[in-house]
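> 43 is the number that the working numbering gives to position 57 of the sequence shown; each next residue is one higher, with no gaps.
Think of the CB as a built atom: it goes at the ideal place given N, C-alpha and C, for glycine as much as any other residue.
The structure is given below, and queries will be raised subsequently.
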Amino acid sequence: MRTHTHQEFEAELRTLKDRLLAMGGRCEQMISTAVSAFEDRDEALANEVLEADREMNEDERAVDDLAVRILALRQPVGRDLRFAVAAVKASTDLERIGDEAVNIAERAIEMTPADRLSPPGARLPEMAQRAGAMLRDALNALVEEDPKKARRVFAQDDAVDEIYSEVLTMCLDYMKDPSHIADGIRICNCAKYVERIADHATNIAEMVIFLVEGVDVRHGHGDSEAQG
């Protein structure tokens, strides 16, 4: 009987991990679609992001329900307990990443098809691509329970922050022309949304360190392992 119960528990953990990866895949697609919508002033693409967000909310509830079931019925201890708790926290970060993608899509809807992407906005696709890669790496680290992969996410966050600073500097110069202020503000906002996406990915990576090593690194990752 114990073997049967253990097999059920392992199957539930696998399902939980699969659902987290599926949520992450949806998030990546939402980020990419939202930035493309902003880049091309494509309202149809933006609306795809809004629709995907409704599905994302359902995903979050499904992950939370399964994690609560595991906690209540299986009463895990140690690392299994920490993983179930981390899964709930990760699903919250993923849902918030979806919200940031929606914010970008909404900025795209505000613009007209005749508007062209101004120079400060040219870095947004690269910034978003890096943030999406961080998310993918962080989730893989979580489901594989791999702290080395998690630490590599921290270094990637520094690169996103650097691009964010460059975009803000370019926007300030761009908005010296009063006719560019509205566009510049939208670009700054979108860059901030992407920067927050990277922060949420970092949160997930931090959970991996706590899950495997029992160490809380939320207030600093500045050790030599962060680069390895």
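1) Please look up how many angstroms separate the CB atoms of V215 and M113, rounded, as I've assumed it's under 8 Å.
2) Please confirm if the stretch 43 to 51 is in contact with the stretch 21 to 31, defined as three or more CB-CB distances below 8 Å between the two stretches.
3) What's the C-alpha gap between S104 and C13?
4) Could you tell me if A191 is buried or exposed, where buried requires 16 or more neighbouring beta carbons within 10 angstroms of its beta carbon?
5) Out of curiosity, what's the CA-to-CA distance linking L80 and E46?
6) Put P105 into one of helix, strand or coil per three-state DSSP.
7) Count the CB pairs spanning the stretch -7 to 5 and the stretch 52 to 66 that are closer than 8 Å, and state whether there are at least three.
8) CB F69 to CB L154, shorter than 8 Å?
9) Less than 7 Å between C-beta atoms, sequence neighbours within five positions excluded: which residues of the same chain meet that for H(-10)?
10) Here's the rule: buried if 16 or more other CB atoms are within 10 angstroms of the residue's CB, otherwise exposed. What is D143?
11) Of all the options C176, E199 and H186, which has the alpha carbon lying nearest to the alpha carbon of A91?
12) Between the Cα of A94 and those of G64, D39, N33 and E44, spot the shortest distance and give me the residue it belongs to.
13) Roughly how many whole angstroms lie between the Cα atoms of I195 and R5?
14) Between the Cα of K3 and those of D147, E130 and L31, spot the shortest distance and give me the residue it belongs to.
15) How many Å lie between L158 and R55 at the Cα?
16) Would you identify the three-state DSSP class for G224, choosing helix, strand or coil?
17) Could you compute how far the alpha carbon of I17 sits from the alpha carbon of H(-8)?
18) Where does D28 fall in DSSP's three states?
19) Excluding five sequence neighbours on each side, which residues of the same chain lie with their C-beta closer than 8 Å to the C-beta of R65?
20) State buried or exposed for G208, treating a residue as buried only when at least 16 other CB atoms are found within 10 Å of its CB.
21) Around the Cβ of P218, are there at least 16 other Cβ atoms within 10 angstroms (buried) or fewer (exposed)?
22) Over the uninterrupted alpha helix (DSSP H) stretch that includes T188, give me the two end residues.
The answer reads as follows:
1) Since the first and last residues shown for the chain are -13 and 214, residue 215 lies out of range.
2) At 8 Å Cβ cutoff, the stretches do not touch.
3) S104 and C13 have their C-alpha atoms spaced approximately 26 Å apart.
4) Classification of A191: buried, given that the 10 Å Cβ count is 16 or more.
5) Between L80 and E46, the C-alpha separation is close to 8 Å.
6) Secondary structure at P105: helix, using DSSP grouped into helix, strand and coil.
7) The stretch -7 to 5, when compared against the stretch 52 to 66, does touch it at the 8 Å Cβ threshold.
8) Cβ distance not < 8 Å, so F69 and L154 don't count as in contact.
9) Since pLDDT at H(-10) reaches only 48, below the 50 mark, its modelled position is unreliable, and the value read off the structure follows with that caveat. Nothing meets the Cβ criterion.
10) Buried is the call here.
11) Nearest C-alpha to A91: C176.
12) For A94, the nearest C-alpha among the options comes from N33.
13) For I195 and R5, the gap between their C-alpha atoms comes out near 21 Å.
14) When only C-alpha atoms are compared, the closest one is E130.
15) Rounded to whole angstroms, L158 to R55 spans 50 Å at the Cα level.
16) In the structure displayed, the chain extends from -13 to 214; residue 224 sits before or after that span and is not available.
17) Using only the alpha carbons, I get a separation of about 38 Å.
18) Three-state DSSP puts D28 in coil, outside helix and strand.
19) Cβ-Cβ distances below 8 Å link R65 to E131, L197 and V198 in the same chain, with the five nearest sequence neighbours on each side left out; the list follows chain order.
20) Low local confidence applies: a pLDDT of 49 at G208 is under 50, so the model's placement there is unreliable, and no value is given.
21) Residue coverage of the chain in this structure runs from -13 to 214, which leaves residue 218 outside it and unanswerable.
22) Here the alpha helix (DSSP H) through T188 covers I167 to E199.
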